Every structure is written in C-alpha cells, then in structure tokens.
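*Asks:* Respectively, the protein sequence lines represent chains A and B. Sequential numbering of the first sequence, starting at 2, is according to this note's numbering. Sequential numbering of the second sequence, starting at 18, is according to this note's numbering.
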Amino acid sequence: MKTLIVGLGNPILTDDGVGVKVAYAVEKSLEPNIPKNITVTEASVGGLRLMELMIGYDRVILIDAIMTSNGHDYGHIHELTLEDLRQITPTEHSASAHDTSLVTALDAGKRMGLHMPTAFDIIAVEVENVMDFSDEPTPAVAEAIPIVTKMVLEQL
Amino acid sequence: MKQKITIDPITRLEGHGKIEIFLDEEGEVENAYLQIPELRGFEQFCVDRPAEEMPRITNRICGVCPEAHHMAGTKALDALFDVEPSSAVKKVRELFYQAFYCTDHTVHFYALGGPDFVLGPDSDPAERNILGVIHKVGVDIGMEVINCRKRNHHVIKMLGGRGIHPVAGLPGGWSVSVTEEMRVEIEQIARENVAFAEFSLKLFDDVVLANQDYVDLIVSDAFTHKTYYMGTVDENNQINFYDGMIRVVDPEGKEFIKYHPKDYAEHIAERVEPWTYLKFPYLKAVGWKGFEDGIDSGVYCATPLSRLNATDGMPTPKAQAHYERFYETLGSKKVDGRYQPVHHRLATHWARLIELLYAAERMLELATDPEITEPNLRVAVKTTPTEGIGSVEAPRGTLTHHYKTDENGILTMVNLVVGTTNNYAPIAMSVKKAAQSLITKGTVITEGLLNTIEMAFRNYDPCMSCATHSLPGQMPLEVTIKDADGEVVANLSQFVEK
C-alpha cells in the first residue's frame with residue numbers, strides 16, 4: 002500500500018506548523034531506511050495543491066492544526082476522518098482561500114478518474130496561537146508533537 | 018511599526034472571510050470592508066537573522082505564492098549586496114517565474130473565479146466550485162487543468178531546487194542552471210501551456226462573451242470603479258512580471274507616474290481608518306480623498322486588469338492580439354496611441370487569462386533562448402550591505418520587499434508590501450458598491466447579497482495567506498451589517514459552522 006504522510010502548515014507561525022514538525026520527526030525516526038512505499042512530505046496549502054500531492058497513493062496520513070472552539074484544551078489530539086472534514090469543522094490547512102477545499106478537490110480528482118487514496122487518517126492538534134510569527138510552538142502544542150509522532154509511526 | 022487602530026477587537030475569525038458593513042443615520046451604506054486577519058511579528062521574527070535567509074523565510078509567509086516571495090526576496094538581496102545579475106540569471110529566474118504564473122492563474126480561473134461564470138452567478142454556492150465546472154464543461158477539461166499545474170510544478174521543482182518552498186535564489190545569482198535536457202523538456206511544457214492558455218481564452222469566449230447576460234453583468238455599473246492602475250513595465254512600457262519600472266496610469270489612461278521600485282515609499286502612503294485595522298495604500302502625489310473613484314482620489318489598484326491598463330501592450334504576439342480584442346470588445350478607445358483603461362472589475366477574470374497566455378508565450382521564448390543553458394549563474398559578493406529593495410508582480414499585485422542590515426548583513430529592518438494589500442481600498446469600494454445595490458434606507462435585500470458581494474471581491478483574488486495563512490471550507494463568508502449606533506441589524510453567512 003503506497004502511503005503518504007503529509008504535515009500541513011507553516012513552521013514559523015507558532016502552533017500552525019505542528020503538522021510539519023510532526024512530519025519532520027516521523028521522517029527522522031524512519032531514517033535511514035524509509036520503506037519504499039512510504040513518502041513523508043510537508044505542505045503549506047490545501048485545496049487542489051494538496052489533492053495533487055495525493056495522486057497515486059492508496060493511503061494518506063494527514064497532520065494539521067485545528068481550532069474547534071469546542072472547549073478542548075490546547076494540545077488536544079483529534080482523530081478525524083474525511084467525512085469529518087466534509088461535515089464538521091475543517092482543519093486549518095485542508096482548504097485554500099485561493100482555490101477550494103480538500104474534500105471538493107478530492108471529489109474532483111475522483112470524478113476525473115485519478116488514482117486517489119481510499120484510506121485517510123487525519124490527526125489534528127488543537128492549537129492556541131496561529132497569528133504570531135515564531136518557530137517555537139506553545140508548550141501544550143509542543144508536548145503533543147512526540148505523542149502524535151508516535152501515533153503516526155504506530156499506524157504504519 | 019505603525020500604530021494599529023482597532024475598534025472591534027479582532028478575535029480569531031476561524032479563518033472566515035468576514036465583511037463588515039456600516040450604515041449611516043439614513044440607513045444607507047457608509048463603509049464596508051473585507052476583514053482580513055493580520056499576522057503579527059514578522060519583522061521581529063526576521064531582525065537579527067542573516068539577510069541571505071530572507072528568500073527562504075519569506076517564502077514561508079504564504080502557502081499560495083511562495084515563489085513570488087522567494088523572487089522578491091532574492092531581488093532585494095541583489096540590491097542589498099549590490100550585485101547586478103547577469104542576463105542569463107535574469108532569464109532563468111524569469112523562466113521559473115512564468116511557470117509559477119501558469120499554475121497560479123490557472124487555479125484561480127478554474128477553481129475560484131471561473132465558476133461564477135461557468136455555472137452562473139445565481140447558482141448554488143455549494144456547486145460553484147471546480148467540481149461544478151468539471152460537471153458542466155467535462156472531465157477532459159478538468160484533466161487539462163490538473164496536467165497544466167502538474168507540468169509547471171515540475172518546472173518549479175527543477176528550477177527552484179524544491180517543490181514547495183523554492184531555495185534557488187542567491188544574491189545576484191541562481192543556484193540551478195538549465196541543462197540542455199531540461200531545456201528541451203521545458204520547451205515542450207511551454208508549448209503545451211500556450212495551447213492551454215489559448216484553449217482557456219476560447220472557453221471564456223464560448224461561455225462568457227457569447228452570453229449577453231454575462232457581458233451586461235461585466236460592464237454593469239455595480240462592478241465598475243474608475244481608479245488609478247499600477248503595473249510593472251519594461252523599457253517599451255510593456256508588461257513584465259519579473260522586472261522593470263512601476264508605472265501608474267490615471268483613470269483616463271494617461272501615465273501619471275513611473276518610478277523605480279526602490280522609490281516606493283516616496284510614492285505610496287498608507288491611510289489608517291478608525292473602523293478597521295487594515296491600512297489602505299494610496300498615491301501620495303494625489304492624496305487620500307476617501308474611498309472615492311476618479312482622478313482626484315489617490316486610490317489605485319494592482320491586479321491583472323491594472324497591469325493591462327498600465328501597459329502599452331503585451332510583448333508577445335498572441336497575448337497582444339487578445340489584449341487588443343479585450344479593449345475593443347469592452348468599448349475602449351485609443352487616445353494618444355494607447356487604449357483607455359477598462360474599469361469593469363469583473364473583466365479582471367478575462368485579463369487574468371490574457372496574462373496566462375503571455376506567461377506561456379514568454380516561457381517558450383525563454384526556453385528557446387540560447388543563453389538559457391548558461392552554466393555559470395553565480396557571482397561573488399564583494400560589497401558591504403546596507404539596504405535593499407526588490408519587487409516583482411505577484412499574481413495578486415505588485416510585491417515589494419525592503420530590507421536593511423548592519424555591516425555584517427544582519428537584518429535590522431524588514432518591510433513587505435504584499436500584492437493584496439495594494440487592493441484593500443478598491444476591494445472595500447467594490448464591497449461597498451455591491452452592498453449599496455441591495456441595501457437602501459436600512460432595508461436589506463438578503464437574497465443574492467452574499468453572491469453579489471463575493472463576486473465583487475473575488476475578482477481581486479484577495480490572498481489572505483499573506484496576511485493570514487488559511488481559510489477553511491469553500492470560502493466561508495460572514496456579513497455583519499451595523500447601523501449608525503453600531504448595533505448589528507443583520508448577519509448573513511454561508512459555509513460557516515455554527
């Protein structure tokens with residue numbers, strides 16, 4: 002099964018880059034013998050661009066920041082499905098102001114007959130600050146990074 | 018940093034595009050604006066870092082156009098270290114940059130702006146997206162869009178050194194040289210881009226221009242503003258995305274001013290209003306006269322439409338033919354040898370496709386230029402740095418990077434004027450006019466208000482990623498209407514989680 006691990010976000014925007022930081026950590030744990038069927042990458046924008054990255058893969062593990070305003074503590078780890086993205090609050094980066102949402106883009110990909118992943122695991126970390134430039138996440142989000150990294154590795 | 022005046026405390030907006038409309042005592046629209054969350058502390062983040070890191074830091078600001086920030090940052094380093102890039106360096110950079118334009122303009126037309134026309138302005142917002150476009154015009158066209166983006170992302174990766182955040186820019190140079198094998202591949206890609214751009218213009222003809230209702234909508238007063246227009250031009254006053262002088266034409270089409278990008282601060286000032294934290298750039302020499310149309314108001318616009326209005330023509334033959342057709346079709350007359358500006362904001366979508374064709378043609382010219390395979394694209398830096406300014410035309414408007422350093426090249430000051438910022442005042446005016454068409458004497462016609470407002474600002478392709486980083490869903494939109502006492506009289510929304 003060809004698997005893509007994508008960390009989404011901006012690593013210099015405090016908590017926003019939590020997904021990217023997890024992806025780096027996953028890559029480091031797998032090195033130097035990253036299995037041939039696994040690709041680890043980062044991405045900064047959702048919509049079509051993100052869908053295009055996924056073409057040809059069977060499974061995707063997506064790590065992103067989320068702000069649900071549901072009273073969850075910062076650093077809370079959400080495990081979501083694609084249906085959740087369709088129906089509940091999207092994660093921070095799964096959509097792009099410049100084009101469309103990931104879900105719409107994936108539907109478009111399927112409609113065009115492209116080989117799109119059928120298995121999706123979305124891990125989203127409840128974040129506190131995505132408005133200030135900094136390469137250091139807030140403490141609660143920083144604590145979540147090794148936990149999410151372990152979760153991703155266990156899912157492989 | 019200037020003081021930021023804020024009336025309503027801006028809480029995290031969950032990334033919503035939020036519109037605020039203010040009514041006067043009579044219940045008429047007094048002001049309106051698109052609220053764009055503003056990120057904080059970029060200058061502080063950069064200060065004390067080595068300047069040469071800037072092209073790699075600034076391309077992280079925005080997920081949508083890292084290539085534009087990388088290029089403006091690289092050009093600011095040219096100036097900072099006082100190294101003039103060779104003609105081969107400029108050509109390789111421009112080749113990279115045209116590939117970026119081919120991806121960016123394509124996605125706006127097919128995924129964001131085009132659906133308004135392809136599916137119709139009154140269609141269900143849930144279907145007014147790329148999926149709806151594919152449904153209407155066919156799966157094959159969807160694949161053309163994906164393939165266009167794929168082949169140009171391949172070029173960006175080859176020439177930029179990385180796929181998402183390019184790293185090839187050096188002071189005075191470029192770290193990737195083009196081999197003959199790469200050149201052959203890029204030439205083929207450019208040819209496919211030209212064909213795709215021509216196809217897209219044909220689609221615009223068939224779907225939009227052949228429909229009188231759409232043409233009437235484009236030229237309607239509700240979507241028209243007579244402002245100044247800004248764009249970068251070459252020595253022949255023709256459009257250039259990568260380099261040149263900044264030219265501003267007045268609403269009648271006469272050249273108002275032409276300046277070197279390094280002099281931006283002499284010509285552009287920012288207006289602060291008490292009701293928003295956005296700062297509205299305007300032309301210093303004209304002055305701020307409010308959110309007003311006309312030759313006496315310093316409001317200017319920097320978009321694909323602006324660039325066409327600011328140029329005397331397109332440097333490539335096919336784009337030039339479409340440029341002439343654009344002005345002739347929209348009723349512009351030639352005065353003193355140049356077309357009078359088109360002021361219809363919805364024509365920006367058409368202008369964007371003409372720019373797409375220019376980018377493709379120029380890419381082909383560069384890919385077949387004998388100098389493009391020059392292997393030596395680096396120069397030694399010998400000057401002690403002090404200050405540098407670089408600018409490019411980003412797809413959403415003129416983008417300027419300004420850095421100051423100490424004698425060791427460590428940053429002491431950073432200022433960026435990003436593409437969308439130029440258009441804050443025109444966007445506010447367009448939103449206001451759209452709101453005025455449906456709000457009179459305190460009566461709000463809610464039906465169609467969201468659609469009309471969306472169309473009014475979408476043509477600017479406002480990229481909030483420079484100011485903020487993301488938006489969820491399908492452009493969630495929230496409109497708040499407040500009366501003269503600041504009381505909320507209506508709230509409208511779509512795609513907003515409650």
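Every residue, glycine too, gets a C-beta built ideally from N, C-alpha and C. These numbers come from a predicted model, not from an experiment.
Applying a beta-carbon distance threshold of less than 7 Å, which residues of chain B neighbour R44(A)?
*Replies:* Note on residue identity: the sequence assigns Ala, not Arg, to residue 44(A). Near A44(A) (Cβ distances below 7 Å), the residues of chain B are I181.
*Asks:* Who are the neighbours of M2(A) on chain B, taking C-beta pairs under 9 Å?
*Replies:* The contacting residues do not exist; M2(A) stays about 23 Å from chain B at best.
*Asks:* For V448(B), which residues from the same chain have a beta carbon less than 7 Å from its beta carbon, with the 5 sequence-adjacent residues on both sides left out?
*Replies:* The residues are I36, A49, Y50, L51, I470, A473 and F474.
*Asks:* List the residues that DSSP assigns as beta-bridge partners of E43(A).
*Replies:* The partner list for E43(A) (beta bridge, DSSP) reads G8(A).
*Asks:* Under a Cβ-count criterion, where at least 16 other Cβ atoms within 10 Å of its own Cβ denotes burial, should T460(B) be classed as buried or exposed?
*Replies:* It is exposed - the Cβ of T460(B) has fewer than 16 other Cβ atoms within 10 Å.
*Asks:* Excluding sequence positions up to five away, which residues of its chain have a Cβ less than 6 Å from the Cβ of I235(B)?
*Replies:* If we look at I235(B) and ignore the five residues flanking it on each side, its Cβ neighbours are H361, L363 and A364.
*Asks:* Output yes or no for whether 8 Å exceeds the beta carbon distance between G436(B) and A338(B).
*Replies:* No. Outside cutoff.
*Asks:* Three-state secondary structure (DSSP) at D74(A)?
*Replies:* Coil.
*Asks:* With DSSP as the reference, label Q357(B) as helix, strand or coil.
*Replies:* Here Q357(B) sits in coil by DSSP.
*Asks:* Taking the straight line between their C-alpha atoms, what separation do you get for E272(B) and Y259(B)?
*Replies:* Whole-angstrom Cα-Cα distance: 21 Å.
*Asks:* Just to confirm my understanding: we take L157(A), look at its own chain, exclude 5 residues before and 5 after, and list those with CB closer than 6 Å. What are they?
*Replies:* For L157(A), where only same-chain residues beyond five positions count, there are no Cβ hits under 6 Å.
*Asks:* May I ask you to check if the CB of S45(A) is nearer than 7 Å to at least one heavy atom of the ligand PLP?
*Replies:* This structure lacks the ligand PLP; in fact it carries no ligand of any kind.
*Asks:* Taking Cβ positions, are R395(B) and L226(B) nearer each other than 8 Å?
*Replies:* No, they are not a contact pair.
*Asks:* Can you list, in chain order, the residues of its chain with a C-beta nearer than 7 Å to that of D423(B)? Leave out the 5 residues immediately preceding and following it.
*Replies:* Once the five neighbours on either side are set aside, the close Cβ partners of D423(B) are T429.
*Asks:* State the DSSP-derived secondary structure class of I158(B), mapped to helix, strand or coil.
*Replies:* Helix, per DSSP.
*Asks:* To the nearest angstrom, how far is the alpha carbon of G102(B) from that of P387(B)?
*Replies:* First, the amino acid is wrong: residue 102(B) is Pro here, not Gly. About 17 Å.
*Asks:* Between S30(A) and chain B, is any beta-carbon pair separated by less than 8 Å?
*Replies:* No, its Cβ sits nowhere closer than 8 Å to a Cβ of chain B.
*Asks:* Using DSSP bridges, identify the partner residues of W191(B).
*Replies:* W191(B) is bridged to G186(B).
*Asks:* With H, G and I counted as helix, E and B as strand and the rest as coil, what does DSSP make of V106(B)?
*Replies:* Residue state, collapsed to three classes: helix.
*Asks:* Quick one: which residues of the region 133-154 of chain A get their C-beta closer than 9 Å to a C-beta of chain B? List them in chain order.
*Replies:* Those residues of the region 133-154 of chain A that come within reach of chain B (Cβ to Cβ, closer than 9 Å) are D133, F134, S135 and D136.
*Asks:* Could you give the DSSP three-state label for L295(B): helix, strand or coil?
*Replies:* Reduced to three states, the DSSP call for L295(B) is coil.
*Asks:* Going by Cα to Cα distance, which pick from Y317(B), T497(B) and P291(B) is closest to P298(B)?
*Replies:* Among Y317(B), T497(B) and P291(B), the Cα nearest to that of P298(B) is on Y317(B).
*Asks:* Hey, could you find the ends of the beta strand (DSSP E) A66(A) is sitting in?
*Replies:* Note, A66(A): beta strand (DSSP E), R60 to I67.
*Asks:* Which residue spans inside the region 402-480 of chain B form an unbroken beta strand (DSSP E) run of at least 3?
*Replies:* You should have 404-411, 414-422 and 428-434.
*Asks:* Starting from D133(A), follow its DSSP beta bridges and name the residues at the other end.
*Replies:* According to DSSP, which records beta bridges pairwise, D133(A) is partnered with R57(B).
*Asks:* Where do the ends of the alpha helix (DSSP H) carrying I371(B) lie?
*Replies:* Note, I371(B): alpha helix (DSSP H), T365 to A384.
*Asks:* Assuming contact is defined by CB atoms lying nearer than 8 Å, are V523(B) and M113(A) in contact in what I supplied?
*Replies:* Any answer about residue 523(B) is impossible in this case: the structure gives chain B only from 18 up to 515.
*Asks:* According to DSSP, is C318(B) part of a helix, a strand, or is it coil?
*Replies:* Looking at C318(B) - three-state DSSP - the assignment turns out to be strand.
*Asks:* What residues in the region 152-163 of chain B have a beta carbon less than 9 Å from any beta carbon of chain A?
*Replies:* Listed by position, the residues of the region 152-163 of chain B near chain A (Cβ gap below 9 Å) are H152, V156, D157, G159, M160, V162 and I163.
*Asks:* Using Cβ-Cβ distances below 9 Å, what residues of the region 106-126 of chain A are close to chain B?
*Replies:* Flagged, chain order: A106, D108, A109, G110, R112, M113, G114 and L115.
*Asks:* Considering Y344(B), what are the terminal residues of the alpha helix (DSSP H) in which it resides?
*Replies:* Its alpha helix (DSSP H) spans residues P334 to T346.
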